[in-house]
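Step one of this worksheet: look at the structure below.
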Amino acid sequence: MKCAAIKYSTPPSLLFVRIFRVTKRVEKEDPYLYYTWFVTYGTRAPLGVYQRVILINNQFPGPPIEGVTNDNIIVNVINQLDEPFLITWHGIKQRKTSWQDGVLGTNCPIPPHSNWTYKFQLKDQIGTYMYYPSTSMHRAIGGFGALNINQRSVISIPYPAFAGDFTLLVGDWYKAGDKALRKKLNSGFSLPLPDGLLINGLHKSSVFTGQKGKTYKFRITNVGMSTSINFRIQGHQMILVEVEGSHSLQEEYESLDIHPGQSVSVLVTLRGAIKDYYIVASTRFTKPILTTTGILRYQGSKTPASLPLPIGPTYHVHWSMKQARTIRLNLTANAARPNPQGSFHYGSIKIVRTLVLANAKAKINGKLRYTINGISYVDPTTPLKLADWFNIPGVFTLNNIKDFPTSRPPAMAVSVFGLTLHDFIEIVFQNTEPTIQSWHLDGTSFYVVGYGSGKWTTDSKRRYNLADGIARHTVQVYPNSWTAILVSLDNKGMWNLRSQIWSDRFLGKQTYLRVGNNEKSLYTETDIPPNALRCAKALH
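With UniProt numbering, the residue at position 244 of the sequence shown is 244, and numbering never jumps.
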């Protein structure tokens, strides 16, 4: 057993210790990483005003997890808040075990002043991910952090070796606390524009240092609750190499749009003069535009960064949609395993079911809600997964939400799609609102095959990319537009499909996919964990 301290060129708040990385294999078992996280309230001033935030081990943002493909992760979460709490592992596929997903549809929340231990494997995954609270509006005040998965040494990477990597958690921030935001939403009002943007929990102080002539990987995640960002580095080009676990075609960009919940990795070679350069993130599709900066510092620099800041794209949606279509899968590269990514010819697989999901704003009982195909989701007191496992009646009904938009009056309900393990389905997100949307699916990734303006029809399929669409877990939908994805349902469980616009999710813009069959087998799904929390009807 060996302990190792990991050193980063990031603010001290992001330093962490990896605890107990087990390198000795027992019967060829993959390594284990053990963590104990104390979740507490604390005081920080991200935008210059002291406010209450959520800390993990007294850190804001929380400590990063640096794993390797197939590592086993054990995280003992000790909830010292005054409310129930859960952490979800955004983009981690949780193979055969939605028990560890950390959302209210699969887990009972961890009660105040108690603990629960997550156990999951980074099975056949690489890339840049994150974690954050899934309960209430907790993520508005912290509790989020990076989760990076590096490739095993026996698997080559399809791009030049880099001298080091930097993790950048970029997102919007409110000065109001989570309880004030929650009260506003529950009173029937939408949230205003956030107060600012942060990089690694700081507004203008994040510094990343490298040597002239060397290449560095920047892992960039939009951890915000509502706004898309555009990311750029003064005087430097970025080569995109990875998108949420998929190696991408290595296109060069001056700036990149990154939407809520999305992650990318880019390579940046330090070819400029020895000085400081601005790292810039600014909001997209907002008025006014919010901007934050960090610093790329060449080692030995004595010259501060100078204005003007590099210019970002204008408000126009078409530019962003056009860029999104250039992000494609690298068909000649390995992923987490040595088989080419292109060996899965998704474009030739028969689609067995199509879901067209239209999001809309509605008034229900005189208050603001958000709906999918007319249903505004409400969490039952008994998690769906527990109700399904123990056959508890009265918690949910399969397929009570329609596959296509309807003219039914909006209603609040527990909506669950019943789907069959190993089916191959098409999901179309139809955005009927004048604002950009972002959607995330737990438990698996999907192929993004099309973006388009206006209303989706079956004729829209002729515009699909059926060859090298990028595989990812979070996708944007432009205002009054549609986005189409194809999904192989290869992971049994109860999986949350949700808006990454967190206020919209809080007010009902989410649903669940029950992926299953009639066979109980450890080859397709693990048994309920011995330490599983039980609540409500599952107590009996």
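Just so you know, even glycine gets a beta-carbon here, dropped at the ideal spot from N, CA and C.
Which of helix, strand or coil DSSP assigns to residue i
i, result
"Asp-178", "helix"
"Lys-24", "Unreliable positioning characterises Lys-24 in this predicted model, as indicated by a pLDDT of 41, which lies under 50. The coordinate reading is nonetheless provided below. Coil."
"Leu-329", "strand"
"Val-317", "helix"
"Ala-536", "helix"
"Ala-362", "strand"
"Gly-224", "coil"
"Trp-439", "strand"
"residue 544", "An answer regarding residue 544 cannot be provided, because it is not within the stretch 1 to 540 covered by the chain."
"Gly-394", "coil"
"Ser-306", "coil"
"Leu-240", "strand"
"Ser-98", "helix"
"Thr-524", "coil"
"Ala-387", "helix"
"Leu-185", "helix"
"Ile-274", "coil"
"His-247", "strand"
"residue 549", "The question about residue 549 has no answer, for the chain in this structure spans 1 to 540."
"Trp-502", "helix"
"Ala-45", "coil"
"Arg-297", "strand"
"Tyr-478", "coil"
"Ser-205", "coil"
"Gly-347", "helix"
"Asn-531", "coil"
"Ala-453", "Reading the sequence as shown, one finds Ser at residue 453 and not Ala. Three-state result, Ser-453: strand."
"Ile-141", "helix"
"Thr-406", "coil"
"Thr-458", "helix"
Residues that DSSP places opposite residue i in a beta bridge
i, result
"Ile-485", "Ile-427, Val-448"
"Phe-85", "Ile-110"
"Met-130", "His-90, Ala-146"
"Phe-218", "Phe-166, Val-266"
"Gly-469", "Arg-328"
"Ala-281", "Phe-231, Thr-292"
"Gly-418", "Arg-514"
"Met-494", "Arg-514"
"Asp-172", "Leu-197"
"Trp-116", "Val-77"
"Phe-38", "Ile-78"
"Lys-367", "Ile-364"
"Ala-413", "Tyr-377"
"Thr-69", "For Thr-69, which the question treats as bridged, DSSP gives no partner whatsoever."
Nearest candidate by alpha-carbon position, reference residue i, set the options
i, options, result
"Pro-260", "Ile-229, Met-238, Ser-246", "Ile-229"
"Asn-70", "Asp-101, Met-321, Asp-30", "Asp-30"
"Ser-98", "Lys-119, Gly-142, Leu-81", "Lys-119"
"His-473", "Phe-144, Leu-104, Gln-262, Lys-184", "Gln-262"
"Ala-362", "Val-356, Tyr-35, Gly-374", "Gly-374"
"Gln-211", "Arg-353, Gly-300, His-540", "Gly-300"
"Pro-405", "Ile-372, Leu-384, Phe-390", "Ile-372"
"Ala-140", "Glu-83, Val-53, Val-170, Asn-222", "Val-53"
"Thr-420", "Pro-380, Gly-493, Val-264", "Gly-493"
"Asn-399", "Arg-325, Ala-335, Ala-413, Asp-527", "Ala-413"
"Ala-358", "Tyr-41, Ile-56, Asn-480", "Asn-480"
"Tyr-464", "Thr-43, Glu-66, Arg-325, Gly-102", "Arg-325"
"Asp-165", "Val-103, Lys-123, Thr-269, Gly-143", "Thr-269"
"Arg-369", "Thr-40, Thr-354, Trp-495, Lys-509", "Lys-509"
"Leu-45", "Pro-61, Tyr-35, Tyr-32, Thr-36", "Correcting the residue identity first, residue 45 is Ala in this sequence and not Leu. Looking at the Cα atoms, Pro-61 is the closest of the given residues."
Integer-rounded CB distance, given that residue j should sit under 8 Å from residue i
i, j, result
"His-113", "Gln-80", "6 Å"
"Thr-292", "Leu-198", "6 Å"
"Pro-383", "Thr-106", "6 Å"
"His-138", "Asp-178", "6 Å"
"Ile-364", "Ser-376", "6 Å"
"Thr-128", "Glu-242", "7 Å"
"residue 551", "Ile-279", "The displayed coordinates of the chain run from 1 to 540. Any statement about residue 551 would go beyond what the structure contains."
"Tyr-346", "Gln-250", "Not a contact, Cβ separation roughly 21 Å."
Pair every Cβ in the segment 419-429 with every Cβ in the segment 484-497, then say whether three or more of these pairs are closer than 8 Å. yes
Inspect the CB distances between the segment 450-468 and the segment 407-417 and report whether three or more fall short of 8 Å. no
Stretch pair the segment 87-95 + the segment 115-132: three plus CB contacts closer than 8 Å: The segment 87-95 and the segment 115-132 touch, with no fewer than 3 CB-CB distances between them shorter than 8 Å.
Indicate whether the contact test is met: 3 or more Cβ pairs, each with one atom in the segment 453-466 and one in the segment 490-504, closer than 8 Å. no
Taking 8 Å as the threshold, find out whether the segment 514-533 comes into contact with the segment 147-155 through three or more Cβ pairs. No, they do not touch.
Tell me, please, whether the segment 296-316 touches the segment 233-244 by the rule of three or more beta-carbon pairs shorter than 8 Å. yes
Taking one C-beta from the segment 236-252 and one from the segment 468-482 each time, how about it: are there three or more such pairs within less than 8 Å? yes
Does the contact criterion of 3 or more C-beta pairs under 8 Å hold for the segment 219-226 versus the segment 160-177? As far as the Cβ criterion goes, the segment 219-226 touches the segment 160-177, which means the pair count is three or higher.
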